[in-house]
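Participant: First the structure, which I've put down as structure tokens, then a few questions once you've had a look.
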Amino acid sequence: MKKHLSISEDEKWQSVVDCDKSYDGLFNVIFSHHAAEALEKGFRPCKKCCPDKDTFQPELELMKKIKEILDTNYAKSISIYNISKQVGVSPNHMVRLYKKYYGFTP
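Here it is, written out as structure tokens:
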């Protein structure tokens, strides 16, 4: 085990998962029973899994972002690579999803 200031986030989480008592008192983990309780404590919902949304469709949201980029830049020369970099997915994945949702490639 490392000293308090040099414990990485991964090591902290692994110690929680492993229930490693040797890390007791070295850092804090806060659990809440309900989302409202966590919000009251000043925490925000996870931006990856979006538990605060009634329906979560990450692919559809990604396609909306891509379509907005294409619509905004329709008169400009913009590459698939640059668009995929802006939205954080690979060019191949982006093209595959775009075709799935819109029936043609961007």
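Final position of the sequence shown in UniProt numbering is 106; the numbers increase by one with none missing.
Think of the CB as a built atom: it goes at the ideal place given N, C-alpha and C, for glycine as much as any other residue.
(1) What three-state label does DSSP hand alanine 75 in the structure shown?
(2) For histidine 106, which option in Val87, Gly88 and Ile83 has the closest C-alpha, if you only look at C-alpha atoms?
(3) What did DSSP end up calling lysine 41 once you bin it into helix, strand or coil?
(4) Distance, Cα to Cα, valine 17 vs valine 29?
(5) For glutamine 86, which of helix, strand or coil comes out of DSSP?
(6) Reducing DSSP to helix, strand and coil, say where serine 32 ends up.
(7) Use the C-beta contact count for serine 15: other C-beta atoms within 10 angstroms, 16 or more gives buried, fewer gives exposed.
(8) Please report the distance separating the alpha-carbon of lysine 48 from that of glutamate 11.
(9) Among the candidates Asn73, Met63, Tyr81 and Lys85, whose CA atom is the shortest distance from the CA of tyrosine 101?
(10) CA-CA distance, glutamate 40 and alanine 75?
Facilitator: Well, looking at it:
(1) coil
(2) It should be noted that the sequence gives proline, not histidine, for residue 106. Minimum Cα distance to proline 106 is reached at Ile83.
(3) coil
(4) 12 Å
(5) helix
(6) coil
(7) buried
(8) 21 Å
(9) Met63
(10) 46 Å
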